[in-house]
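K.L.:
Numbering (this note's numbering), first residue to last: 3 to 165. Here's a structure for you.
This is the structure in structure tokens:
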């Protein structure tokens, strides 16, 4: 079940991406922050990192609906029906402020680069899930999340101290 939490973190970022006009993110919160620990970021830097990730996430509505269907299938529902209902649902506006969450950054010793690598891997893993290749809820997070899992398990929904 740990993988589901990790993929949901990626989905949360992906669902907020794509609508950014580029103002306020980009390089402003980019590479110059990559070596900083998440726990040392200011509130503005944390939001810049989160918004940068959201802006770079290239996830389509079909990707989100396919994942939603696979989640339903993993828990006894019908993947294709859930996917179709999702695709037919009207587009939801992005939450105010982009919906980015920096929960778990406090006291986190992972770097911004480690966080970005993990979130990018989560998004790619989420996009790879289809009704034909359903979600495997028994696996762990992608390998790119090893540092984040060890240093900041709260970000990925795990217990403090990793596991």
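No residue lacks a Cβ here, since even glycine has one placed at the ideal position from N, Cα and C. Computed from a prediction, not measured in an experiment: that's the story for all the values here.
Return helix, strand or coil for residue 151, following the three-state DSSP convention.
P.N.:
Helix, per DSSP.
K.L.:
Residue 113 by DSSP, collapsed to three states: which one?
P.N.:
In the structure shown, residue 113 sits in a strand (DSSP, three-state: E or B).
K.L.:
Count Cβ pairs between the region 103–115 and the region 38–53 that sit closer than 8 angstroms; are there 3 or more?
P.N.:
Yes, the region 103–115 touches the region 38–53.
K.L.:
Could you give the C-beta distance for residue 59 and residue 137, rounded to a whole number, given that I count them as a contact under 8 angstroms?
P.N.:
With a Cβ gap of about 19 angstroms, residue 59 and residue 137 do not count as contacting.
K.L.:
List the DSSP bridge partners of residue 39.
P.N.:
Answer is 113.
K.L.:
Give every residue of the same chain whose Cβ lies closer than 7 angstroms to the Cβ of residue 73, excluding the five residues on either side of it in the sequence, and list them in chain order.
P.N.:
Result list for residue 73: 137, in chain order.
K.L.:
Would you decide whether residue 49 is buried or exposed? Buried here means 16 or more other CB atoms lie within 10 Å of its CB.
P.N.:
Buried is the call here.
K.L.:
Is the beta carbon of residue 118 closer than 9 angstroms to that of residue 55?
P.N.:
Yes, the Cβ-Cβ distance between residue 55 and residue 118 is below 9 angstroms.
K.L.:
Could you check where the alpha helix (DSSP H) with residue 50 kicks off and where it finishes?
P.N.:
Its alpha helix (DSSP H) spans residues 45–58.
K.L.:
Nearest to residue 104 by alpha carbon, out of 34, 35, 44, 36?
P.N.:
The candidate whose alpha carbon is nearest that of residue 104 is 44.
K.L.:
Got a sec, what are the start and stop residues for the alpha helix (DSSP H) residue 65 sits in?
P.N.:
Its alpha helix (DSSP H) spans residues 63–76.
K.L.:
Report buried or exposed for residue 90, applying the criterion of at least 16 other Cβ atoms within 10 angstroms of its Cβ.
P.N.:
Exposed, since its Cβ has fewer than 16 Cβ neighbours within 10 Å.
K.L.:
On the three-state DSSP scale, how would you describe residue 133?
P.N.:
Residue 133: coil per DSSP, three-state reduction.
K.L.:
What three-state label does DSSP hand residue 104 in the structure shown?
P.N.:
Coil, per DSSP.
K.L.:
Between 34, 57, 71, 46, which lies nearest to residue 134 when the distance is taken from Cα to Cα?
P.N.:
The shortest C-alpha separation from residue 134 is found at 71.
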